[in-house]
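Numbering (my numbering), first residue to last: 3 to 464.
Heads up, the beta-carbon is just placed ideally off N, CA and C, and yes, glycines get one too.
Read through the structure below, which is laid out as structure tokens, and then see the notes.
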Ligand code: AMP
Ligand code: ZN
């Protein structure tokens, strides 16, 4: 498979690391709020890469971190900035760890709603403090980090000569555009020696929540260092592919690259891959812009969340995509049409290998998913192929597409039936058998048959 490398600015072959597997690290969510569907577009990128590698028979490993401490809401003014989790905890009047665990849970259910494959591990920043402290100690030993006179620990940007290669920034250029300047800082973050240095560890008072003791005093980790610590820990032979949204290119990935390369004395990440932003109402989807959409908003409108998965695949991951309700509805219509057709087409057909391999090839070509779907739509309507063969071919692509094409969607249930199905589930939980039977009969009248199995009730349209 080929993917575009942001640093080299060209599509290159994805290659395994020395360990023999394609080792993938994807920056994960900051768990202080529900993930919006823009975040999910970026997380889907990691899923599509893995499904393509799997289809090609390439082994991979996949790690995604959970940022539950240290991500400040203003990366450039860290002395006045607040930790996103702590700010939310204050707002909800809850313990910050409770906030983090809650939104970590919703992150996983959102991934499941879009059929995004699970990672091999989801290390949390708050549980990786030992790794982070060890890495900082190593950077100090090498001479790439220092303790500022404010007690915080900083990475010395000038200790890494190739700084800026991912985002094509140089330290000189940065100085002009950098919003934070040591001389103009008027007391903020005075501890650092050079404008482009960044905090690896922030000194904090003991009564701040989420702090840990270290040889240099009590504090909490900076955001960039967690990704270096975790990726070096899980993939000591180097990372094959590093993924994230385009906004992470600078400063997050630039800083991470400097830390990891200095610590390992290598070009630690072979390839940097970035997904473009999802826009809504013509603006980047972001909590601060007030234009976010969540999986729950789709469910509320009875739209299968997998419609979004289909819609995201229609555009190339490196182009900005403007989301509209019309486009989501249209994707839902396509999904329902495919499922209905597949359910009605007879079994026993033969997989059209020329189609499955052409589609896999499109995926392997820097995730040209748009062309793959175009071909699939043409194939859907190709009357020269038998229905049975078309069914077999669509189903053979399920592992790659992840659209649950062999299922009618739960959103196909008429709303009154959905309410009855839910009522019957709680009647059964309360062992109210007469009510459960009555609801079963009512559902039959609506054309829905319920079956009771060891896993609870299931339903089918008749
Ligand atoms: P966060 O939880 O804010 O740390 O972001 C998680 C991921 O979502 C990062 O890789 C971001 O780059 C990505 N991201 C944030 N906003 C968008 C957006 N509007 N479209 C696509 N990806 C985004
Ligand atoms: Zn990261």
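Three-state secondary structure (DSSP) of residue i
i	result
residue 182	Low per-residue confidence applies at residue 182: pLDDT is 45, beneath 50, and the placement is therefore not dependable enough to give any value.
residue 104	helix
residue 196	coil
residue 71	coil
residue 60	coil
residue 5	strand
residue 443	helix
residue 227	helix
residue 284	coil
residue 2	Only positions 3 to 464 of the chain appear in this structure, which leaves residue 2 out of reach.
residue 378	helix
residue 244	strand
residue 202	strand
residue 147	strand
residue 218	coil
residue 188	Residue confidence is low: residue 188 scores 42 on pLDDT, short of 50, so the model does not pin down where it sits. No coordinate-derived value is stated.
residue 267	coil
residue 236	helix
residue 121	coil
residue 84	coil
residue 65	strand
residue 155	strand
residue 142	helix
residue 110	helix
residue 23	coil
residue 459	strand
Test item: CB-CB of residue i and residue j under 8 Å
i	j	result
residue 155	residue 147	yes
residue 246	residue 279	no
residue 119	residue 25	no
residue 53	residue 401	yes
residue 193	residue 136	no
residue 9	residue 200	no
residue 242	residue 272	yes
residue 311	residue 46	yes
residue 441	residue 429	yes
residue 134	residue 223	yes
residue 250	residue 29	yes
residue 27	residue 244	yes
residue 439	residue 297	no
residue 404	residue 117	yes
residue 67	residue 228	yes
residue 218	residue 149	yes
Own chain, CB closer than 6 Å to residue i, minus 5 neighbours either side, in chain order
i	result
residue 188	Residue placement at residue 188 is flagged as unreliable, the pLDDT there being 42, under the threshold of 50; a coordinate-derived value is accordingly withheld.
residue 368	4, 5, 6, 13
residue 185	Bear in mind that the predicted position of residue 185 carries a pLDDT of just 43, short of 50, making it too unreliable to give a figure here.
residue 178	Residue placement at residue 178 cannot be trusted, given a pLDDT of 49 that sits under 50; the coordinates are not used to answer.
residue 51	none
residue 69	32, 127
residue 453	460
residue 451	462, 464
Supposed contact pair residue j and residue i - C-beta distance, whole angstroms, cut 8 Å
i	j	result
residue 263	residue 270	5 Å
residue 206	residue 221	5 Å
residue 202	residue 138	5 Å
residue 334	residue 309	4 Å
residue 44	residue 277	5 Å
residue 34	residue 122	That belief does not hold up - the Cβ atoms of residue 34 and residue 122 are roughly 24 Å apart, past 8 Å.
residue 57	residue 314	Between residue 314 and residue 57 the Cβ distance is about 18 Å, and since that is not below 8 Å, they are no contact.
residue 448	residue 416	6 Å
residue 23	residue 62	6 Å
Close beta carbons around residue i, own chain, < 8 Å, minus the five adjacent residues each side
i	result
residue 484	Within the shown structure, residues of the chain are numbered from 3 to 464, placing residue 484 beyond reach of any answer.
residue 74	80, 83, 84, 85, 86, 225
residue 101	33, 34, 87, 90, 91, 94
residue 141	147, 157, 202, 261, 264, 265
residue 351	388, 389, 390, 391, 392, 393, 394, 395
residue 289	35, 38
Near the ligand ADP: residue i beta-carbon under 7 Å from a heavy atom
i	result
residue 320	With respect to the ligand ADP, the structure shown offers nothing to examine, as its ligands consist of the ligand AMP and the ligand ZN.
Neighbourhood of residue i by C-beta, 7 Å cutoff - its chain only, sequence neighbours within 5 removed
i	result
residue 407	340, 341, 344, 396, 397, 400
residue 422	441, 444, 445
residue 322	278, 279, 281
residue 425	441
residue 15	4
residue 329	313
- Is the number of C-beta pairs between the region 224-242 and the region 35-55 that are closer than 8 Å three or more? no
- Item | the region 342-361 contacting the region 377-395, beta-carbon criterion three pairs below 8 Å | yes
- Item | Touch test, the region 384-395 against the region 341-351, Cβ-Cβ under 8 Å, three pairs minimum | yes
- Query: Does the pairing of the region 158-173 with the region 253-260 give three or more beta-carbon distances under 8 Å?
  - Reply: yes
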